[in-house]
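*Asks:* For the protein sequence lines, the chains are A and B, in the order given. If you use the UniProt record's numbering, the first sequence closes out at 199, no skipped numbers anywhere. If you use the UniProt record's numbering, the second sequence closes out at 199, no skipped numbers anywhere. Mind having a look at this structure? Questions to follow.
Protein chains: 2
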Amino acid sequence: MGRHREFDVDEALDAVVRVFWRRGYEGASYDDLTAATGVKRPGLYSAFGNKEELFRRALERYADQYLTYMTEAYDQPSSRAMAEHMLRGVVELTTRFPENLGCLGVNGALTCSEASEPIYRLLVEFRAGGEADLRQRLEEFQASGDLPETADCAGLATYLMAVIHGMAVQAKSGVSREGLGKVVEQTLAGWPTAPKMAG
Amino acid sequence: MGRHREFDVDEALDAVVRVFWRRGYEGASYDDLTAATGVKRPGLYSAFGNKEELFRRALERYADQYLTYMTEAYDQPSSRAMAEHMLRGVVELTTRFPENLGCLGVNGALTCSEASEPIYRLLVEFRAGGEADLRQRLEEFQASGDLPETADCAGLATYLMAVIHGMAVQAKSGVSREGLGKVVEQTLAGWPTAPKMAG
DNA sequence: GTGATTTAATAATGACCGGTATCAAATCCG
DNA sequence: CGGATTTGATACCGGTCATTATTAAATCAC
């Protein structure tokens with residue numbers, strides 16, 4: 001019983017995601033958040049908790065809504081196709097909204113004051129988790145003969161994640177979709193090729 | 001005439017550089033800056049102006065002190081040697097100080113509140129300037145036959161800067177020197193080779 | 001309708017932010 | 001020395017930060 005909530009929690013969270021995506025965790029104020037959501041301060045607090053919890057919720061929603069191309073990539077038939085799917089997905093994501101260039105995983109808090117270090121660590125772990133998943137998938141590709149036995153899967157994962165984060169920085173700096181496409185091309189041009197199979 | 005300044009301006013600026021490098025522009029407070037420099041607030045203001053001017057001074061000093069490997073790279077005899085020199089320099093720079101991982105050009109302000117957008121734009125231009133210089137040098141290498149005529153120098157410059165910025169993000173996330181070395185190897189493995197010259 | 005309960009809106013809280021006014025200490029000139 | 005001038009240190013300023021106390025409005029059970 002009691003009065004009903006007058007705003008849609010997921011809609012508000014979507015707006016919150018866009019604010020953090022654009023401004024980062026510390027750069028986003030409650031004035032920004034209330035303006036974007038149309039929800040007053042106490043409404044956000046009662047629905048999501050404090051700013052740190054709000055960011056955690058926003059990061060989860062961001063992953064669910066926008067990082068689907070990562071799991072799609074894992075279903076591709078070769079490591080090269082996987083890399084291409086991921087890279088094309090990054091180009092699309094990081095340039096899709098002119099107001100939210102780049103990606104939340106990097107924009108959220110590359111640096112911050114001491115007070116926000118929990119969020120900084122959250123994002124470090126978030127990115128490290130993506131790299132660990134990628135490494136594991138690369139090792140599967142290697143086991144199935146799609147990558148040479150001499151390939152360093154951990155190193156390749158670190159490399160590909162570096163390119164992805166670098167593209168996010170470039171996108172945030174205003175590099176166009178076409179410019180980022182060149183990054184994709186060069187990355188794929190250097191991708192290791194499977195050894196010629198007998199038979 | 002009058003009382004003499006009791007601190008060394010360059011030493012103080014070096015300490016300021018390290019604070020901004022670690023915390024970013026907005027994440028660095030005057031409490032952090034005064035603690036690191038040993039100079040009280042009014043001392044910093046009288047020597048450097050306000051926070052924005054202080055950051056501009058710090059960025060200049062950072063470039064002079066730490067980005068020398070970039071100009072060294074331009075003196076290398078081939079585009080590949082140049083790329084390797086740059087990439088090894090980035091590994092060294094971004095992991096040199098455990099308290100200041102990554103690079104100031106990216107850490108400074110990838111995102112920020114509306115109030116700090118002048119600094120945000122300064123850093124966008126700072127990075128874009130580096131990419132423009134790199135592109136020009138690549139075109140010279142291409143003109144001298146070190147890169148194939150089919151190579152896209154602008155695209156290569158965007159790619160290499162993406163790798164560099166991505167390595168800075170990875171370093172800031174705690175990736176080791178060895179891990180970043182793998183990024184260098186993979187980047188060089190895909191570097192375009194000059195066409196075989198006749199004679 | 002009445003009372004209990006939940007949300008919405010306003011406005012206030014203490015802490016910290018960048019930036020300065022103030023005054024004491026130090027230096028130079030004469 | 002004495003007076004002018006600059007720096008150093010303390011303490012303060014208004015503004016903004018995240019957070020919350022308070023009160024009005026809305027909904028439910030009965």
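We put the CB at the ideal spot given by N, CA and C, even for glycine.
Quick check: the region 172-190 of chain A against the region 133-150 of chain B, are there 3 or more CB pairs under 8 Å?
*Replies:* In short, these stretches do not touch, since the Cβ pair count stays below three.
*Asks:* Would you mind stating whether residue 91(A) and residue 180(A) have Cβ atoms separated by less than 7 Å?
*Replies:* yes
*Asks:* Where does residue 182(A) land, buried or exposed, given buried means 16+ other C-beta within 10 angstroms?
*Replies:* buried
*Asks:* Counting Cβ pairs closer than 8 Å, one from the region 29-45 of chain A and one from the region 79-90 of chain A, do we hit at least three?
*Replies:* no
*Asks:* Would you list, in chain order, the members of the region 133-166 of chain B that have their beta-carbon closer than 8 Å to a beta-carbon of chain A?
*Replies:* Answer in chain order: 152, 154, 155, 156, 158, 159, 161, 162, 163, 164, 165, 166.
*Asks:* From what residue to what residue does the alpha helix (DSSP H) around residue 21(A) run?
*Replies:* 9-27
*Asks:* Would you identify the three-state DSSP class for residue 75(B), choosing helix, strand or coil?
*Replies:* coil
*Asks:* Round the Cβ separation of residue 16(B) and residue 54(B) to the nearest angstrom and send it over; I've been treating them as touching at under 8 Å.
*Replies:* Yes, residue 16(B) and residue 54(B) are in contact; Cβ-Cβ is about 6 Å, under 8 Å.
*Asks:* Since residue 26(A) meets chain B, which of its residues come closer than 9 Å, beta carbon to beta carbon?
*Replies:* Per Cβ cutoff of 9 Å: 24, 26, 27, 111, 112, 113.
*Asks:* Is the number of C-beta pairs between the region 124-142 of chain A and the region 126-134 of chain B that are closer than 8 Å three or more?
*Replies:* no
*Asks:* Under the three-state reduction of DSSP, which class applies to residue 153(A): helix, strand or coil?
*Replies:* helix
*Asks:* Could you work out which residues of chain B lie near residue 79(A), taking near to mean beta carbons separated by less than 9 Å?
*Replies:* Under the 9 Å cutoff, chain B gives no residues; its nearest Cβ is about 13 Å from residue 79(A).
*Asks:* When the cut-off is 7 Å and only beta carbons count, does residue 189(B) lie next to chain A?
*Replies:* Yes, its Cβ sits closer than 7 Å to a Cβ of chain A.
*Asks:* Counting Cβ pairs, one atom from each stretch, are 3 or more of them under 8 Å apart for the region 112-130 of chain A and the region 20-33 of chain A?
*Replies:* yes
*Asks:* Using a Cβ-Cβ cut-off of 6 Å (strictly less than) and excluding sequence neighbours within five positions of residue 112(B), which residues of its own chain qualify?
*Replies:* Taken in chain order, the residues that qualify are 26, 120.
*Asks:* Cβ closer than 8 Å: which chain A residues qualify as neighbours of residue 15(B)?
*Replies:* Within chain A, no residue comes near residue 15(B); the closest Cβ sits about 17 Å away, beyond 8 Å.
*Asks:* Helix or strand or just coil, what does DSSP make of residue 97(B)?
*Replies:* coil
*Asks:* Just the chain A side, please: which residues come within less than 8 Å of residue 88(B) by C-beta, in chain order?
*Replies:* Per Cβ cutoff of 8 Å: no residues; residue 88(B) is ~15 Å from chain A at best.
*Asks:* Would residue 51(A) be called buried (16 or more neighbouring beta carbons within 10 Å of its own) or exposed?
*Replies:* buried
*Asks:* Do you know offhand how far residue 199(A)'s Cα is from residue 154(B)'s?
*Replies:* Only weak support exists for where residue 199(A) lies, its pLDDT of 44 falling under 50; the value from the coordinates is given anyway. Answer to the nearest angstrom: the Cα atoms are 42 Å apart.
*Asks:* With a threshold of 7 Å between beta-carbons, can residue 127(A) be considered close to chain B, or not?
*Replies:* yes
*Asks:* From what residue to what residue does the alpha helix (DSSP H) around residue 52(A) run?
*Replies:* Unbroken alpha helix (DSSP H) run through residue 52(A): 51-66.
*Asks:* Establish whether the CB of residue 120(B) and some CB of chain A are separated by less than 7 Å.
*Replies:* Answer no: the Cβ-Cβ gap between residue 120(B) and chain A never drops below 7 Å.
*Asks:* Cutting at 7 Å between CB atoms, please list the residues of its own chain near residue 105(B), excluding the five before and the five after it.
*Replies:* 123, 126, 127
*Asks:* Residues in the same chain with beta-carbon distance under 7 Å from residue 85(B), minus the five sequence neighbours each way, listed in chain order, please.
*Replies:* 69, 72, 73, 76
*Asks:* Let me see if you follow: with CB-CB separation under 7 Å, is residue 100(A) close to chain B or not?
*Replies:* no
*Asks:* If you run the structure through DSSP and keep just helix, strand and coil, what is residue 40(B)?
*Replies:* coil
*Asks:* What is the DSSP secondary structure of residue 118(A), counted as helix, strand or coil?
*Replies:* helix
*Asks:* Taking buried to mean at least 16 other C-beta atoms within 10 Å of its own C-beta, is residue 193(B) buried or exposed?
*Replies:* It counts as exposed.
*Asks:* Determine the contact status of residue 163(A) and residue 102(B), defining contact as a CB-CB distance below 7 Å.
*Replies:* no
*Asks:* Which of helix, strand or coil does DSSP assign to residue 169(A)?
*Replies:* helix
*Asks:* According to DSSP, simplified to helix, strand and coil, what is residue 105(B)?
*Replies:* helix
*Asks:* The region 168-180 of chain B: which residues have C-beta closer than 7 Å to a C-beta of chain A, in chain order?
*Replies:* 169, 170, 172, 173, 174, 175, 179
*Asks:* Mind listing which residues of the region 34-52 of chain B have their C-beta closer than 7 Å to chain A's C-betas, in chain order?
*Replies:* Answer in chain order: no residues at all.
*Asks:* Would you call the CB atoms of residue 36(B) and residue 94(B) closer than 7 Å?
*Replies:* no
*Asks:* Helix, strand or coil for residue 199(B), going by three-state DSSP, please let me know.
*Replies:* Reliability of the predicted coordinates at residue 199(B) is poor, the pLDDT of 44 falling under 50, and the value obtained from them is presented with this limitation in mind. Looking at residue 199(B) - three-state DSSP - the assignment turns out to be coil, as it is neither helix nor strand.
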